[in-house]
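Converting from the sequence shown to our numbering requires adding 441 to each position, the first position being numbered 1.
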Amino acid sequence: MKKSARYIFLLFAIYSCKTKTAEDAPEDLLPEKKMVEVMVDLTISEAMIGNQYLPGDTIRSGAKEFYDELLKRHEITKEQLQHNILYYSFKTDRFTAIMEQAVDSLNVLSAELDKK
442 MKKSARYIFL
452 LFAIYSCKTK
462 TAEDAPEDLL
472 PEKKMVEVMV
482 DLTISEAMIG
492 NQYLPGDTIR
502 SGAKEFYDEL
512 LKRHEITKEQ
522 LQHNILYYSF
532 KTDRFTAIME
542 QAVDSLNVLS
552 AELDKK
């Protein structure tokens, strides 16, 4: 799980190195607390998808189901998620704080699972 969180963080860190230095807040901006929750679920979904040993087409269709469920659970659209990731990627301090909170939450979940 930690590996997936690092992978996602690395992707966003690379993405945030674009030439643009600031981005206006989207109309559909998610509060940071909500963004942490979304990033936790996104990381878990990515880990579950990555651990499936299935043919590519099967994984892609399974991934779509995971992402659709994530969007439904958080009552957001794909576009809203994309807008928010883009916005927060330009606000590196805020995005780092969001990802650190997400990793902390994932560590707590992992510790709880280890107890079982």
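Yeah, the Cβ is synthetic: ideal placement off N, Cα and C, and Gly gets one too. These figures come from a predicted structure and were not determined experimentally.
Residue of the options minimising C-alpha distance to residue i
i: lysine 475; options: Ile490, Gly491 and Ile517; result: Ile517
i: lysine 519; options: Phe531, Glu473, Leu483 and Asp465; result: Leu483
i: serine 486; options: Pro472, Ala504 and Asp469; result: Ala504
i: methionine 489; options: Phe507, Phe536 and Ile526; result: Phe507
i: aspartate 509; options: Phe536, Asn548 and Val479; result: Val479
Rounded C-alpha distance that separates residue i from residue j
i: aspartate 555; j: alanine 538; result: 26 angstroms
i: leucine 512; j: leucine 522; result: 8 angstroms
i: isoleucine 526; j: lysine 557; result: 34 angstroms
i: lysine 534; j: asparagine 548; result: Inspection of the sequence shows that residue 534 is occupied by aspartate rather than by lysine. In a straight line, the C-alpha of aspartate 534 is about 21 angstroms away from that of asparagine 548.
i: glutamate 473; j: asparagine 492; result: 28 angstroms
i: glutamate 553; j: phenylalanine 531; result: 33 angstroms
i: aspartate 465; j: tyrosine 528; result: 7 angstroms
Cβ neighbours of residue i in the same chain (closer than 6 angstroms, five flanking residues each side left out)
i: valine 477; result: Ile539, Gln542 and Ala543
i: serine 546; result: Val481
i: histidine 515; result: Val479
i: leucine 471; result: Asn525
Contact set for residue i: own chain, Cβ-Cβ below 7 angstroms, skip 5 residues either direction
i: histidine 524; result: Pro467 and Asp469
Closer than 8 angstroms to chain D by CB, residue i
i: serine 530; result: In the displayed structure, chain D is absent; only one protein chain is listed.
### Whole runs of the alpha helix (DSSP H) within the segment 478–555, excluding any shorter than 4 residues
497–515 and 519–531
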